[in-house]
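Contents: one structure, followed by commentary.
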Amino acid sequence: MAKINAEQLSRHLKPLSPVYCVSGDEPLLIQEAADAIRAAGRAQGFSERELFHVENHFDWGQFLQSANSLSLFASRKILEIRLGAKINDAGNKALVEYCNNPSADNLVLIISPKLDKSAQNAAWFKAVDKIGITCPIWPINEKQLPRWIEQRLHNAGLHVESDALALLAAKVEGNLLAAVQEIEKLKLIADAGPINAQVMASAVADNAR
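Numbering (numbering that gives the first Met the number 0) for the sequence shown: 0 to 208.
Quick look at the structure:
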């Protein structure tokens, strides 16, 4: 169906696709994307959740059995596959088989580290991409970080002066989780007006202590 970026994900959750694959090496953004998909699933009636941790020698029959069986509670299920190892031939076959005949009672969510070119050329990935949504998560680089932080501050109802924004971006050094934590703290101490460099420096200093 589509390959999208994280910013486009919210537009592809209503209605839900049968399968989502979220991949990348930025834990915070992966977690947020997966949370958004799960929340949309719950809102659309997928009230159960089954988790499959895929390591070496994982039995893909477990996934197919769960995907093909009715819930004890007659409810729809989120089947979440977390890839800790590359998908082997059995996994390739199982996912292709499922994607060829997906169930309306299942929402499949695959969470993976960054997928290399060979993984993206694999039959399972092409099968997912054909009927579902693939969402590669790219790291936020140094140049993009101030804009990313500014958007987060805006979403939190906070406004910062440019020098204060630069100070915060330098402080977190590319750590997005640290940036989110600083923003949460700023929500507690900020006044109505824009946050200036003095207030930001004070907040950063408090955190350092």
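For every residue, glycine included, the Cβ atom is placed at its ideal position computed from N, Cα and C.
All of these numbers come straight from a predicted model, not from anything done at the bench.
A Cβ-Cβ contact shorter than 8 Å links Lys186 with Ala155. DSSP, reduced to helix, strand and coil, places Phe45 outside both helices and strands of the structure shown, so it counts as coil. The alpha-carbon separation between Met199 and Ala39 amounts to approximately 35 Å. Short of 8 Å from the beta carbon of Glu181, and not among the five residues preceding or following it, lie these beta carbons of its own chain, in chain order: Leu167, Lys170, Val171, Ala202, Val203, Asn206. When C-beta atoms of the segment 40-54 are compared with those of the segment 130-140, fewer than three pairs fall below 8 Å, so the two segments do not count as touching. Within the same chain, Cβ atoms closer than 6 Å to the Cβ of Ala177 are found at Val171, the five residues on either side in sequence being excluded. Spanning the alpha carbons of Lys76 and Arg151 requires a straight line of approximately 32 Å.
One alpha carbon belongs to Asp88, the other to Glu47, and they sit about 28 Å apart. Counting only runs of 3+ residues, the beta strand (DSSP E) found wholly inside the segment 76-118 occupies 76-82, 105-111, in chain order.
Fully enclosed alpha helix (DSSP H) runs of no fewer than 4 residues occupy 161-171 of the segment 147-173, in order along the chain. For Ile136, the enclosing beta strand (DSSP E) starts and ends at 132-136. Inter-residue distance for Pro17 and Asn105 is about 7 Å (C-alpha atoms, whole angstroms).
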